Amino acid sequence: MGIASSKAEATYEDAKGGRIALEITDVGTLSGVTAMAFAWVNVEIDKEGDSGYERTTTVGGRKAYERYDKATRSGELDVIVAGRFIVGAKATGVDMKVFKEAVTKLDLEKLEALKSQGLPPAAPVPVPPPAK
């Protein structure tokens, strides 16, 4: 059906019980539905309370959505790269600063450079005949 996507995952743990799970999803030929699947892409969210927060932000100039619960020291961060890749991170037992730092250390520029790799060539745009 011409639909292609893939995912890479890694989990990191420390000796204190902290855990960060990173996931890179390539939506490939489904890149047009990325915005529909992630409603936060087109809105601004900024909610904060005593227990934590959720907000849209940017990571390396790319649209991102982060959530963090202070009591459980757990959170999630999703970053859209090149409208095709979704870099997601989930953490438990770590401070948000450490959690965000793990994502910012990823080479998102290198990932962005892959945006046209593995996709079918774009269909040529028909040129109308000259007017008579």
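Residues 18 to 149 (my numbering) are what the sequence shown spells out, left to right. Beta carbons are placed, not taken as given, at the ideal position from N, Cα and C, and that holds for glycine. These numbers were taken from a predicted model, which means no experiment stands behind them.
- The three-state reading of DSSP puts residue 45 in helix, counting H, G and I together.
- In terms of Cα proximity to residue 119, the closest of 28, 24 and 97 is 28.
- Straight-line spacing of the CA atoms in residue 73 and residue 82 works out to 4 angstroms.
- Each of 102, 99, 65 and 103 was checked against the Cα of residue 87, and the nearest Cα belongs to 65.
- The bridge partners DSSP lists for residue 89 come to none.
- If the five residues before and after residue 125 are omitted, its C-beta is found closer than 8 angstroms to the C-beta atoms of 76, 77, 79, 96, 98 and 104, all from its own chain and listed in chain order.
- Beta-bridge annotation (DSSP): residue 27 is paired with 39.
- Excluding its 5 nearest sequence neighbours in each direction, residue 69 has C-beta neighbours in its own chain below 6 angstroms: 85, 86 and 87, listed in chain order.
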